[in-house]
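Q:
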Amino acid sequence: MLHAVLERRTSLVRPTASRTPQGQVLAANVDTVVVTVSLAVPLNHGRTERMIALAWASGAQPVVVLSKADQCADPRQAAAEVAPGADVLVTSAVTGEGLDGLTAALRGTIVLLGPSGAGKSTLGNRLLGEDRLATGAVRDADGKGRHTTAWRELVPLPGGGVLLDTPGLRAIGLHDAQDGLEHTFAEIELLAQNCRFADCGHGSEPDCAVLAAVASREITRRRLDSYHRLLSENAYAASRTDARLRAGREATKKDITQHLRATYQFRDRQR
Ligand SMILES: Nc1nc2c(ncn2[C@@H]2O[C@H](COP(=O)(O)OP(=O)(O)OP(=O)(O)O)[C@@H](O)[C@H]2O)c(=O)[nH]1
Ligand SMILES: [Mg+2]
Ligand SMILES: [Zn+2]
0 MLHAVLERRT SLVRPTASRT PQGQVLAANV DTVVVTVSLA VPLNHGRTER
50 MIALAWASGA QPVVVLSKAD QCADPRQAAA EVAPGADVLV TSAVTGEGLD
100 GLTAALRGTI VLLGPSGAGK STLGNRLLGE DRLATGAVRD ADGKGRHTTA
150 WRELVPLPGG GVLLDTPGLR AIGLHDAQDG LEHTFAEIEL LAQNCRFADC
200 GHGSEPDCAV LAAVASREIT RRRLDSYHRL LSENAYAASR TDARLRAGRE
250 ATKKDITQHL RATYQFRDRQ R
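Rendered as C-alpha cells:
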C-alpha cells in the first residue's frame with residue numbers, strides 16, 4: 000500500500016512527441032546534470048543548448064563537459080563558444096585531462112546526459128575508478144554512437160554521491176522551457192537589460208545592447224540566432240499546451256543575476 004509519495008526535488012523531463020504536457024521523466028532528484036558533448040565530431044550548438052535548457056529546467060546544476068579533448072585541435076576555442084552561460088570543462092578519458100576538475104565540480108546525485116557516443120559511460124567509469132559501465136565504439140563514417148547503454152543505471156561513487164548513466168539522447172524538443180532557455184542564454188538576458196526598450200526583440204530596434212554586443216563580437220551572431228530560434232520554438236510548443244496545466248507547474252524561478260554570479264565564481268575557482 001502506498002502511504003505517501005515524496006515530492007521530487009528536481010526532475011529532468013524530456014518533452015514527448017505526443018502533446019501530453021507531462022513529458023518523460025529522465026531522472027529525478029538529481030543535483031548535477033553533466034551535459035556531455037564530444038569534441039571528436041563537429042559541435043552541434045543547438046542540441047547542446049537544448050540539453051542545457053533541459054538541465055536548468057530540472058532545477059539541478061548543469062555542468063557542460065566537452066569530452067575526447069585528445070581528438071580536438073583546439074579544445075579551448077570550443078569551450079569558449081559552446082555555452083557562455085554555463086560551467087564548461089574539457090576532459091579526456093584517454094589522457095586523464097580535466098577529470099580531477101570534473102570530480103571537484105560534481106555534487107550529490109549526478110546524471111550523465113548527452114547523445115550516443117559522447118563518451119558518457121567512459122567518463123562514468125573514470126569517475127567510478129573501474130570499468131563497470133559498458134562502452135562501445137562509434138561508427139567510423141560519422142562518429143555517431145551505437146546506443147550502447149540501453150537502460151538507466153544508478154551506481155554509488157567512491158567519494159560519495161551517486162552516478163546515473165543514461166542511454167544516448169536522440170532529438171530533444173522544447174516545451175515549457177522558457178526559464179531554462181533564459182538561464183542557458185544568461186549572457187544575452189543580462190545584456191538585454193541595457194536595451195533602450197524593455198521589450199526589445201533584438202531585431203532592428205535602436206539602441207539595442209544585444210545587437211551592439213554582436214557588432215563588437217562580445218557575443219556571436221550564431222548565439223543570438225539560436226536564442227531567437229529556441230525561444231520561438233518553445234513559445235510555439237507552449238501555446239499548444241493547456242495553460243491551466245502549465246500554471247500548476249510554474250518552475251521555481253532562479254534569479255539570473257544570482258546564477259551569473261555563481262557561474263563567475265565557479266570560473267574563478269577553475270583558474
Ligand atoms: N579518444 C577518446 N575516445 C573516447 C573518450 N571517451 C570515450 N571515448 C570513446 O568513445 C566511444 C563511445 O564511448 P561511450 O562511453 O560508450 O559513449 P556513450 O556516451 O556512453 O554512448 P551511449 O551509451 O551509446 O549513449 C568509445 O569507443 C570510447 O572508447 C575520450 O576521452 N577520448
Ligand atoms: Mg553509454
Ligand atoms: Zn535589444
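Every letter in the sequence shown is one number past the one before it in numbering that gives the first Met the number 0, and letter 105, counting from 1, is 104. Even for Gly, the Cβ is constructed at its ideal location relative to N, Cα and C. Predicted model only: the values in this text are computed from it and were never measured.
1) Just the Cα atoms here: how many angstroms apart are residue 143 and residue 116?
2) Taking Cβ to Cβ, would you say residue 124 is nearer than 7 Å to residue 111?
3) Please return the same chain residues whose Cβ sits closer than 7 Å to the Cβ of residue 35, not counting the five positions on each side in sequence.
4) Pull up the distance between the alpha-carbon of residue 210 and that of residue 227, whole angstroms please.
5) Rounded C-beta distance between residue 126 and residue 156? I'm assuming under 8 Å.
6) Does DSSP put residue 231 in a helix, in a strand, or in coil?
7) Going straight from the alpha carbon of residue 220 to that of residue 3, what length do you get?
8) Grab me the residues of residue 208's own chain with a C-beta within less than 6 Å of its C-beta, minus the 5 sequence neighbours each way, in chain order.
9) Under a Cβ-count criterion, where at least 16 other Cβ atoms within 10 Å of its own Cβ denotes burial, should residue 91 be classed as buried or exposed?
10) Please identify the residue among 236, 185, 238 and 239 whose C-alpha is closest to the C-alpha of residue 223.
11) Relative to ligand 3, what is the chain-ordered list of residues with a Cβ closer than 5 Å to any of its non-hydrogen atoms?
12) If you run the structure through DSSP and keep just helix, strand and coil, what is residue 218?
13) Answer yes or no: the CB of residue 143 versus the heavy atoms of ligand 1, is any distance below 6 Å?
A: In short:
1) About 6 Å.
2) No.
3) Setting aside the 5 residues that flank it on each side, residue 35 is surrounded in the same chain by 64, 66, 111, 112, 113, 117, 118, 119 and 122, each with a C-beta closer than 7 Å to its C-beta; the list follows chain order.
4) Straight-line Cα distance between these residues: approximately 13 Å.
5) The distance from the Cβ of residue 126 to that of residue 156 is about 6 Å, consistent with a contact at the 8 Å cut-off.
6) Three-state DSSP puts residue 231 in a helix.
7) Our two residues, residue 220 and residue 3, have alpha carbons roughly 50 Å apart in a direct line.
8) The answer, listed in chain order, is 190, 193 and 194.
9) Residue 91 counts as buried, since no fewer than 16 other beta carbons sit within 10 angstroms of its beta carbon.
10) For residue 223, the closest of 236, 185, 238 and 239 by C-alpha to C-alpha distance is 185.
11) Those satisfying the condition are, in chain order, 194, 199, 201, 207 and 209.
12) For residue 218, the three-state secondary structure derived from DSSP is coil.
13) Residue 143: no, Cβ never under 6 Å from ligand 1.
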